[in-house]
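In the working numbering, the protein residues as written are 3 to 336.
For every residue, glycine included, the Cβ atom is placed at its ideal position computed from N, Cα and C.
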Amino acid sequence: MKVGIVCPYSFEVPGGVQAHVVDLARALRGLGHDVDVLAPADDDTPVPEFVTPAGRAVGIPYNGSVARLSFGPVSFARVRRWIAEHDFDVLHLHEPTAPSLSMLALMVADGPIVATFHTSTPRSKMLSAFQAVLQPFLEKVTARIAVSALARRVQVEHLGGDAVEIPNGVDVGFFADATPLDGYPRPGGTVGFVGRFTEPRKGMPVLLDAFRELDLPDARLLVVGRGDDDELRKQAGPELASRMTFLGMVDDETKARALRSVDVYCAPNTGGESFGIILTEAMSAGAAVVAADLDAFRRVLDDGKAGVLTPVGDPSALADALRELLTDPARRAD
Numbered sequence: 003m004k005v006g007i008v009c010p011y012s013f014e015v016p017g018g019v020q021a022h023v024v025d026l027a028r029a030l031r032g033l034g035h036d037v038d039v040l041a042p043a044d045d046d047t048p049v050p051e052f053v054t055p056a057g058r059a060v061g062i063p064y065n066g067s068v069a070r071l072s073f074g075p076v077s078f079a080r081v082r083r084w085i086a087e088h089d090f091d092v093l094h095l096h097e098p099t100a101p102s103l104s105m106l107a108l109m110v111a112d113g114p115i116v117a118t119f120h121t122s123t124p125r126s127k128m129l130s131a132f133q134a135v136l137q138p139f140l141e142k143v144t145a146r147i148a149v150s151a152l153a154r155r156v157q158v159e160h161l162g163g164d165a166v167e168i169p170n171g172v173d174v175g176f177f178a179d180a181t182p183l184d185g186y187p188r189p190g191g192t193v194g195f196v197g198r199f200t201e202p203r204k205g206m207p208v209l210l211d212a213f214r215e216l217d218l219p220d221a222r223l224l225v226v227g228r229g230d231d232d233e234l235r236k237q238a239g240p241e242l243a244s245r246m247t248f249l250g251m252v253d254d255e256t257k258a259r260a261l262r263s264v265d266v267y268c269a270p271n272t273g274g275e276s277f278g279i280i281l282t283e284a285m286s287a288g289a290a291v292v293a294a295d296l297d298a299f300r301r302v303l304d305d306g307k308a309g310v311l312t313p314v315g316d317p318s319a320l321a322d323a324l325r326e327l328l329t330d331p332a333r334r335a336d
């Protein structure tokens, strides 16, 4: 089949939805399907060969974050041309209710359409404002997927429809077979963090406070993601900053190597998560996981059976959990 996938979020900034779209496209291509992905990205952004860049994106507040999306007349023309040129058998739109390429594709497209919904925002002013306009277009959708029960609830409460719950998949072998970074694993243990660490909802201040309480002077923090590392070093202070390593924005292969390098992966997020694909990636790489007790993370970690859950925004509890795992190899291996 000829499958078109539309990703709303820019490939200029890595994220869970982008990673899911790429993994899905690779899996479908591996099954012999002809797959092309349309996503925001400028010409200088490295993308897989099956991704068609749709131009630069702009930051728009969305789902408790600042999402980089493409919208407007130029984007509309690019979407229409892409659809016309490919003659897809099925179109798969991610987050079609966000002001993005996916919404534009929904307006243009005919034929079978699958829509995947990722957001778990319980009360969305944006969805409420767009609902009347979107409803006729949403009726064009052949099948709806929600990546979690929370995302499915948004469907019911805001959009008057339902969806099949299908959690995001992960290529386990890609992470399990990755080679650790040079110099890892390190004596004393390493805690990993992946994400846009300047976003408050990602919980970096909580993690820094937890590290200050952690009486393990040889433990280190490996940070991967977008943000001002100089500013974060200032926030951490000289002593803690000396135990932190920053990789910045990395490609998928380096992210997998980083996850293979850590003993414990920490997700101290404070909210705004519908799934938490990074948790499944970390577990695939063999890392023990400590995460904030958010609904989405609780479901991924099977109510704490597959990882340690700590109260949201509680650095002392987080420090206790990190200490327990870093000092107990047998517990980490469970």
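So which of the options has the shortest CA-CA distance to residue i?
| i | options | result |
| --- | --- | --- |
| residue 54 | 76, 80 and 74 | 80 |
| residue 197 | 190, 152, 227 and 106 | 227 |
| residue 84 | 243, 57, 165 and 29 | 57 |
| residue 169 | 40, 185 and 18 | 18 |
| residue 217 | 20, 320, 179 and 51 | 320 |
| residue 12 | 323, 97, 179 and 257 | 97 |
| residue 212 | 329, 325, 156 and 73 | 325 |
| residue 6 | 35, 15 and 20 | 35 |
| residue 48 | 77, 201, 16 and 238 | 16 |
| residue 189 | 270, 329 and 136 | 329 |
| residue 92 | 102, 308, 108 and 101 | 108 |
| residue 253 | 21, 8, 78 and 75 | 21 |
| residue 141 | 318, 156, 205 and 163 | 163 |
| residue 286 | 176, 219, 233 and 114 | 176 |
| residue 90 | 101, 100, 38 and 76 | 38 |
| residue 255 | 88, 200, 165 and 174 | 174 |
| residue 88 | 50, 31, 167 and 3 | 3 |
| residue 222 | 101, 187 and 311 | 187 |
| residue 307 | 283, 336 and 318 | 336 |
| residue 50 | 14, 241 and 76 | 14 |
| residue 283 | 159, 199, 178 and 76 | 178 |
If you follow the alpha helix (DSSP H) that residue i is in, where does it begin and where does it stop?
| i | result |
| --- | --- |
| residue 301 | 297-302 |
| residue 3 | No alpha helix (DSSP H) holds residue 3; DSSP gives it neither H nor E. |
| residue 15 | Premise fails: residue 15 is in no alpha helix (DSSP H) and is neither H nor E. |
| residue 83 | 75-88 |
| residue 199 | Taken as a continuous stretch (DSSP letters only), residue 199 belongs to no alpha helix (DSSP H), as it is neither H nor E. |
| residue 242 | 240-243 |
| residue 280 | 279-286 |
| residue 41 | Not the alpha helix (DSSP H): residue 41 falls in the beta strand (DSSP E), residues 36-41. |
| residue 331 | 331-335 |
| residue 311 | Unbroken run through residue 311 is the beta strand (DSSP E), 310-312; no alpha helix (DSSP H). |
| residue 323 | 317-328 |
| residue 182 | From DSSP, residue 182 is part of no alpha helix (DSSP H); its letter is neither H nor E. |
| residue 207 | 206-215 |
| residue 110 | 103-110 |
By Cβ distance below 7 Å, which residues in the same chain neighbour residue i in space, the five residues on each side in sequence not counted?
| i | result |
| --- | --- |
| residue 264 | 192, 193, 194, 224 and 289 |
| residue 276 | 120, 121, 122, 149, 150, 152, 153 and 298 |
| residue 314 | 272, 294, 295 and 296 |
| residue 136 | 99 |
| residue 110 | 81, 82 and 85 |
| residue 220 | 189 and 190 |
| residue 52 | 27, 31, 37, 38 and 39 |
| residue 139 | 108 and 109 |
| residue 165 | 119, 146, 147, 148, 154 and 157 |
| residue 199 | 206, 225, 227, 229 and 234 |
| residue 240 | none |
Tell me where the beta strand (DSSP E) around residue i begins and ends.
| i | result |
| --- | --- |
| residue 194 | 192-196 |
| residue 246 | 246-250 |
| residue 223 | 222-226 |
| residue 119 | 115-119 |
| residue 95 | 92-96 |
| residue 146 | 145-148 |
Round the Cβ separation of residue i and residue j to the nearest angstrom and send it over; I've been treating them as touching at under 8 Å.
| i | j | result |
| --- | --- | --- |
| residue 260 | residue 183 | 6 Å |
| residue 248 | residue 231 | 4 Å |
| residue 25 | residue 172 | 7 Å |
| residue 238 | residue 246 | 6 Å |
| residue 103 | residue 207 | The Cβ separation is near 33 Å, so there is no contact. |
| residue 30 | residue 8 | About 14 Å separates the two Cβ atoms, so there is no contact after all. |
| residue 317 | residue 215 | 6 Å |
Among residues of its own chain, excluding the 5 on either side of residue i, which ones have a beta-carbon nearer than 6 Å to its beta-carbon?
| i | result |
| --- | --- |
| residue 235 | 243 |
| residue 117 | 95, 98, 143 and 146 |
| residue 278 | 298, 299 and 302 |
| residue 42 | 12, 56, 59 and 72 |
| residue 180 | 258, 259 and 262 |
| residue 105 | 98 |
| residue 78 | 106 |
| residue 114 | 92 and 144 |
| residue 44 | 58 |
Can you find the residues in the same chain that come closer than 8 Å, C-beta to C-beta, to residue i, ignoring five residues on each side of it along the sequence?
| i | result |
| --- | --- |
| residue 333 | 290, 326 and 327 |
| residue 281 | 267, 269, 291, 293, 299, 302, 303 and 309 |
| residue 33 | none |
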